[in-house]
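The sequence shown: position 175 = 322 (our numbering), numbered continuously.
Accompanying notes for the structure given below.
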Amino acid sequence: MLESYVKNRVDVKKPRKEGRTYVIDKLQGLDKENFEALAPFIDAVKIYGVLPLLLSEPVLQKKIKFYQDLGVKVSTGSTISEYMVSENAFDKFVGDAARVGFDIIEIGENGIDLTFEQKKKLTDTILARNLDFQWKVGKKDPRHQLSIDATIAKVEDAVKLGSDKVVLEANEGVSVGIYDEKGAVRWNSVGALTAKYPPTTFIFEAPLEHQQSALLAEFGQRVNLAEIHIDAVSSIESQRRGFPSKASFGVSYLRKDPEGGPAAKFVYFIIKSKHPIDQVELMEMSRLPRRTVQSAVEDLKSQGLIIERSSLDDARKKMYAPVQSVWL
148 MLESYVKNRV
158 DVKKPRKEGR
168 TYVIDKLQGL
178 DKENFEALAP
188 FIDAVKIYGV
198 LPLLLSEPVL
208 QKKIKFYQDL
218 GVKVSTGSTI
228 SEYMVSENAF
238 DKFVGDAARV
248 GFDIIEIGEN
258 GIDLTFEQKK
268 KLTDTILARN
278 LDFQWKVGKK
288 DPRHQLSIDA
298 TIAKVEDAVK
308 LGSDKVVLEA
318 NEGVSVGIYD
328 EKGAVRWNSV
338 GALTAKYPPT
348 TFIFEAPLEH
358 QQSALLAEFG
368 QRVNLAEIHI
378 DAVSSIESQR
388 RGFPSKASFG
398 VSYLRKDPEG
408 GPAAKFVYFI
418 IKSKHPIDQV
428 ELMEMSRLPR
438 RTVQSAVEDL
448 KSQGLIIERS
458 SLDDARKKMY
468 APVQSVWL
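Written out as structure tokens, the structure reads:
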């Protein structure tokens with residue numbers, strides 16, 4: 148009865164196409180009763196690193212079965228896949244992974260570089276065993292990060308290979324991928340990626356709570372999140388249903404007014420009043436010429452007052468929303 152008070156969300160039933168939550172299993176303490184309660188909100192569990200190699204097969208199979216009995220898929224991590232590729236043991240590993248019950252093989256290029264043909268061979272091996280694959284893009288070492296162009300090129304490879312979603316590497320969430328040295332989101336990097344592909348193309352690794360909240364605030368309930376600790380699942384699901392996060396309390400909201408001419412101020416008022424909004428809607432509501440609206444939008448972006456992102460439904464369409472707080 149009480150659940151009737153909460154608004155529904157996109158893809159409430161699994162398997163979901165959007166709004167996925169991927170949890171990391173590092174052999175931390177797990178309350179089975181609580182996990183059963185949270186299982187409807189969890190799409191997959193990734194068994195961390197090379198842990199599958201350290202556990203006895205009966206223990207590993209029992210762990211996998213526990214998750215699957217609750218409707219949660221189980222994935223390997225990309226570290227173990229890279230290790231098997233370097234040891235020329237990938238084919239055998241995939242066969243063993245299928246036998247013990249894994250659903251998904253995650254593949255990445257943190258410590259190796261693969262040609263498209265090599266990637267195709269790996270994915271074909273996985274598909275031949277009736278397993279799914281998930282491609283991860285990015286480097287774990289903060290000192291050796293990919294450029295945006297290199298990241299987009301690898302995302303393009305993953306999409307061509309048929310990866311259902313593309314995971315963006317975050318490691319511990321600091322100085323890696325889309326996160327800066329303080330763990331804040333680099334929105335220019337996110338904008339470059341989502342200008343090329345719809346946000347739902349990606350699974351954003353977001354190990355820190357404020358990262359999860361920022362991505363949910365920016366992209367809404369349909370954003371896909373990974374590297375999530377079990378303790379954060381209820382908070383994430385609550386935010387998907389429209390409730391505020393803990394991270395949003397105590398935030399200092401910006402009170403800055405736009406600088407510039409009347410057009411920029413008028414366009415900013417419209418964006419604040421009705422967002423997200425695209426350029427066509429801005430022209431219709433303001434009755435200003437296209438060039439004037441474009442100039443106003445660029446002016447507001449340069450002042451850091453609005454965010455431009457691709458539409459979730461059409462990557463070619465740009466949507467605008469106000470920057471509402473210092474953590475966005």
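Built from N, CA and C at the ideal position, the CB exists for glycine as well.
With DSSP collapsed to three states, give me the class of I417.
helix
Within 8 Å, strictly: CB atoms of P469 and I418:
yes
Would you identify the three-state DSSP class for E352, choosing helix, strand or coil?
strand
Within the continuous alpha helix (DSSP H) that includes E204, where are the two ends?
204 to 216
With distances taken between CB atoms, is the gap from E352 to E328 smaller than 8 Å?
no
Taking the CB atoms as reference points, tell me whether A184 and I251 lie closer together than 8 Å.
no
Could you have a look at A331 and say whether DSSP puts it in helix, strand or coil?
coil
On a Cα-Cα basis, can you pick out the residue from G389, Y195, R290 that is closest to K154?
G389
Spatial distance of E406 from D296 (CA atoms)
33 Å
Cutting at 7 Å between CB atoms, please list the residues of its own chain near P199, excluding the five before and the five after it.
L207, T223, I227
DSSP three-state assignment for I189, whether helix, strand or coil:
coil
Can you give the Cα-Cα distance for V241 and I273, rounded to whole angstroms?
6 Å
Taking just the CA atoms, how far does V313 sit from V306?
8 Å
So, for Y326: in the same chain, excluding its five sequence neighbours on each side, which residues have a beta-carbon less than 7 Å away from its beta-carbon?
A317, G320, V332, R333, Q358
What are the boundary residues of the alpha helix (DSSP H) that T168 is part of?
First-last for T168: 168 to 172, but that is the beta strand (DSSP E), not the alpha helix (DSSP H).
Less than 7 Å between C-beta atoms, sequence neighbours within five positions excluded: which residues of the same chain meet that for V450?
What sits at residue 450 in the sequence shown is Gln, not Val. Cβ within range, chain order: P405, E406.
Three-state class that DSSP yields for Y467 in the structure shown:
strand
Report all residues from its chain with a CB closer than 7 Å to the CB of L355; omit the five preceding and five following residues, and keep chain order.
G320, G330
To which residues does DSSP link D425 through a beta bridge?
M466
So, is S225 buried or exposed, given that buried needs 16 or more other C-beta atoms within 10 angstroms?
buried
Quick one: what's got a C-beta closer than 7 Å to R402's C-beta in the same chain, skipping five residues either side?
No answer about R402 holds up, because its pLDDT of 41 lies below 50 and its placement is not dependable.
Using only CA atoms, which one of I211, V170, Q265 lies nearest to N235?
Q265
Have a look at the DSSP bridge pairing and note the partners of I106.
With the chain running from 148 to 475 in the structure shown, residue 106 is simply not present.
Leaving out five residues on either side along the sequence, give the residues of the same chain with a beta carbon under 6 Å from the beta carbon of T270.
F280, L308
Sheet register partners of R456 (DSSP bridge)
M466
In whole angstroms, what is the alpha-carbon distance linking V444 and V414?
7 Å
Candidates G248, V427, V197, of which the one nearest F213 by Cα
G248
Buried versus exposed, by CB contacts within 10 Å (16 or more), F366
buried
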